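One line per chain: the protein sequences are S and G, in this order.
Okay, so the first sequence: first residue is 1 according to the working numbering, each after it adds one.
Okay, so the second sequence: first residue is 184 according to the working numbering, each after it adds one.
Backbone N, C-alpha and C define an ideal beta-carbon position, used for all residues, glycine too.
Since we're looking at a predicted model, the values are computed, not measured.
Everything on this sheet refers to the single structure shown next.
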Amino acid sequence: MNTPEPFLGVTSHAPVRHHILSVMVENKAGVLARVAGLFARRGFNIYSLAVAPAETKARFSRITIVVDAESAPLEQIVEQLDKLVNVVAISDIAPKDALERELLLATIKTNVDSRTSLLDVVGNSGAAIVDVDAGSVTLMLAGTPAACDELERELENYTTMELHRTGRVALPRLGKAATATID
Amino acid sequence: MQLTGAQALIKSLEMEGVEVIFGLPGGAILPVYDPLIDSSIRHVLVRHEQGAGHMAEGYALATGRPGVAMVTSGPGATNIVTPIGNAHMDSTPLVVITGQVATVAIGTDAFQECDITGITMGITKHNFLVKSAHEIPRAVAAAFHIATTGRPGPVLVDVPKDITQSMMEWWYPTTIEELDLPGYHPVVDLDDERVNEAISLIEGAERPVLYVGGGTLKSHASAQLLAFAERTGMPVVTTLMARGAFPDSHPQHLGMPGMHGMYSAVTAIQKSDLLISLGARFDDRVTGKIPAFAPHAKIIHVDIDKAEFNKVRRADVSIRSNVAAVLEAWDAATVTPQNLEVWWKEIDAWREAYPLVYDEPVADGPLRPQHVIESIARAAAPGTIVAAGVGQHQMWASQFWKFEEPGTWVNSGGAGTMGFGVPAAIGAKAGRPDRIVWCIDGDGCFQMTAQELVTARAEGIPIKVAILNNAYLGMVRQWQEMFYEERYSEVYLSPDLPDYVKWAEAMGCVGLRATTVQEMHAAIATANSINDVPVVIDFRTDSTEKVFPMVAAGASNDDIMVHPLQRESK
């Protein structure tokens, strides 16, 4: 449990040497496979990865990759990424300069006894109830990875039927420039 | 002008100045082979798609121009995966056109379907799956642009059959912008600050070595290298990928570094205080044990690919540039190192003590493989191109052939692809028909791709093949002898099965055999007198011969093993 595993380490945001790369790519078929394939064949570890069309919607997508800088020097990861023809720009955001957000969705089994306390957890964490039926509640939290970790710990007191996190997206804080590599 | 996608593809290749395509047709690429009949482009019909890929590589290495191969989908495409991987490792510019099943059939496990863009994603510089006939010119132009700029490499263009059969209005990109490559910027301006930092390192150096790699050949920097080396008086080593970048006859040339490098080249690097890497990548076959590699040296690393910086060895100064531009900038600044007299005295002592040697030839045989190579080289016309497979014969060829100019050494370095030699030699000869092309091959390698001699005969490409037939997978045998207590496991091949002379004759070549020194000289003379058909010589060599010097895998370069003849004196 000490060493978080790539992809599976969603509950562990303990201080590890992670770095956030915000990677602008051409919005073309197979680009995600090129990026993922590069990490796989060079032995670079990914903690999480989120991808969606960027502000210039039609042409580019932004991939936010949380990388394990222990698996390889960050410089190598960035330079190898930069060699992919479809990668347009890479911003390396140091964790302290990053605005990071993640979305957590969880469906929790409830009964009359547990429902009240669960509502407290929801209220205190800033989460929201997004679906309810007789025996369960689906809640949502959009927050920092730490807030999502905290909520996950709180939910250990309940029966979680399903829990899903998106992996984080990030932008540099205002006034903090990313170390940008413009390809 | 309305064209079919197939016509547009061929016309695009013509626009790129392609003179020869190495290929083999099949279902999915069939439409493209029809307009080929009317094209000025020569097509060399290979007997196996791997041959097409290695021929394209040989062509590229000998001419400096991108090699082009064209094959069909499925097994045609997978058969050319090895050459693509080989070209990727050696940064050889290649454009490979593959047919693909019709777009509606993609993903249905259709006949001869395979995801070749997926398969080659990690071993191409880039690849394209073309989705419309209109996009064919852009894809082809982009493929050539990517393959030949920056750090060169293979680019694959996968074209579905319905795309080549549909109509398009002809156009061709005339600007880089039209190639639509927003993420591809292979060239940057030279960073003057870095150039100057390097200059101060050079000026302080007392024991510098110019560590010349394949990038020097790729950036056509031989003339600049010669000028810079002569002006500064620095010793030069050329890696396996850079043989020919600096004349072997030049007194400042120490030869090849690395696992089977010259004692003086290896040792000079180890003792250097400044290593100037020019388009080299600190390959494990050069460095040996990395922490023990050139332990006292500061590093100047020049490369067009910045991902090479600090990958293996941290550089004190890294300069992203082609090699020629940096050498010109240094020369313009008339940079000079410290007085190198003491350094040269040491180097000359190593050179004198440990030259390349081999055991005395035995008149009645078996032949010394090194003697065979030296004899071929002595009888060869100046400018002869040499191709090799992979193994002992390749190392001996690199050691004992004297390379004087770029484009005369065609070999598989990074990938170590057995069977590279024969097809690569054919490709080299197709690109440089004015030159004599010898393939120095091993018997194991020869058996992997020899069928391409049928291609050579049929297409009128008269190469000469020297099989150093020691009846073994020689390099593996050498390791088993040295590191596995002479327990020989699955390395014996037999000298007589196959009968190489009969095989050569069956393929329309002249077949010769040499077992004695006299026969060896006679066979070489005969081969040199034949220039209309390929010639194959079966040289019966001593299977116990080993390649020396040698640095064992993972060992420090300080622990270099010299030839047994030299061990008493060490």
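For the stretch 362–383 of chain G, the set of positions with a beta-carbon nearer than 7 Å to some beta-carbon of chain S reads Leu364, Pro365, Gly366, Tyr367, His368 in chain order. Within the stretch 487–503 of chain G, Asp488, Lys489, Ala490, Glu491, Phe492, Asn493, Lys494 place their CB atoms closer than 9 Å to a CB of chain S, listed in sequence order. Fewer than three Cβ pairs drawn from the stretch 220–236 of chain G and the stretch 356–363 of chain G lie within less than 8 Å of each other, which leaves the two stretches out of contact. For tyrosine 541 of chain G, the closest alpha carbon among the candidates G/Ala191, G/Pro440, G/Gln553, G/Trp533 is that of G/Gln553. At least 7 Å separates the CB of methionine 351 of chain G from every CB of chain S. Within the stretch 193–232 of chain G, the alpha helix (DSSP H) runs of at least 4 residues that lie entirely inside it are, in chain order, 213–219.
Fewer than three Cβ pairs drawn from the stretch 602–618 of chain G and the stretch 677–687 of chain G lie within less than 8 Å of each other, which leaves the two stretches out of contact. Under the three-state reduction of DSSP output, glutamine 185 of chain G falls in the strand class.
By the criterion of a C-beta distance shorter than 7 Å, lysine 176 of chain S is surrounded in its chain by Asp97, once the five residues flanking it on both sides are discounted. Those residues of the stretch 305–317 of chain G placed with their C-beta closer than 7 Å to a C-beta in chain S are Gly305, His309, ordered along the chain. A contact is defined here as three or more CB-CB pairs under 8 Å, and the stretch 361–369 of chain G fails this definition with respect to the stretch 496–509 of chain G. Of all residues in the stretch 17–37 of chain S, those with a C-beta nearer than 9 Å to a C-beta of chain G are Met24, Val25, Glu26, Ala29, Gly30, Ala33, Arg34, Gly37, reading in chain order. DSSP places lysine 344 of chain G inside the alpha helix (DSSP H), whose first and last residues are 344–348.
The stretch 140–150 of chain S makes no contact with the stretch 72–83 of chain S; the number of CB pairs closer than 8 Å stays below 3.
The bridge partners DSSP lists for proline 53 of chain S are S/Ser61.
When the beta-carbon positions are compared, phenylalanine 629 of chain G and isoleucine 644 of chain G stay at least 7 Å from each other. For asparagine 157 of chain S, no beta strand (DSSP E) segment is defined, and its DSSP state is neither H nor E.
Contact annotation: alanine 654 of chain G and proline 678 of chain G have beta-carbon atoms nearer than 7 Å. Assignment of glutamate 100 of chain S by DSSP, reduced to helix, strand and coil, places it in the strand class.
Taking 9 Å as the cut-off between beta carbons, the residues of the stretch 86–105 of chain S near chain G are Asn86, Val87, Val88, Ala89, in sequence order. In this structure, the alpha-carbon of valine 112 of chain S lies about 16 Å from that of valine 122 of chain S. Beta-bridge annotation (DSSP): alanine 708 of chain G is not paired with any residue.
The C-beta distance from isoleucine 289 of chain G to proline 343 of chain G rounds to 7 Å, short enough to fall under 8 Å. At a Cβ-Cβ threshold of 7 Å, proline 418 of chain G and valine 395 of chain G do not count as neighbours. Inter-segment contact for the stretch 163–172 of chain S and the stretch 568–581 of chain G is absent: fewer than three beta-carbon pairs are separated by less than 8 Å. With respect to the 7 Å criterion, asparagine 310 of chain G and leucine 339 of chain G are classified as neighbours on the basis of their beta carbons. Between arginine 42 of chain S and chain G, the shortest Cβ-Cβ separation is not below 7 Å. In the DSSP assignment, isoleucine 129 of chain S falls outside any alpha helix (DSSP H) and lies within the beta strand (DSSP E) extending over 128–132. In the assembly as shown, glutamate 376 of chain G is an exposed residue. Its beta-carbon has fewer than 16 other beta-carbons within 10 Å. Taking isoleucine 20 of chain S as the centre and dropping the five residues before and after it, the same chain places the C-beta of Val66, Ile93, Ala98, Ala170 closer than 6 Å to its C-beta, in chain order. Using a Cβ-Cβ cut-off of 9 Å, isoleucine 329 of chain G is close to Val85 of chain S, given in chain order.
By the beta-carbon neighbour count (other beta carbons within 10 angstroms, threshold 16), alanine 515 of chain G is exposed. The DSSP-derived three-state label of glutamine 76 of chain S is helix.
The residues Gly247, Ala507, Pro589, in chain order, have a CB closer than 8 Å to that of histidine 403 of chain G in the same chain once the five nearest residues on each side in sequence are set aside. DSSP, read as helix, strand or coil, puts asparagine 594 of chain G in coil. Taking a C-beta distance under 7 Å as the contact criterion, arginine 496 of chain G and phenylalanine 465 of chain G qualify as a contact pair.
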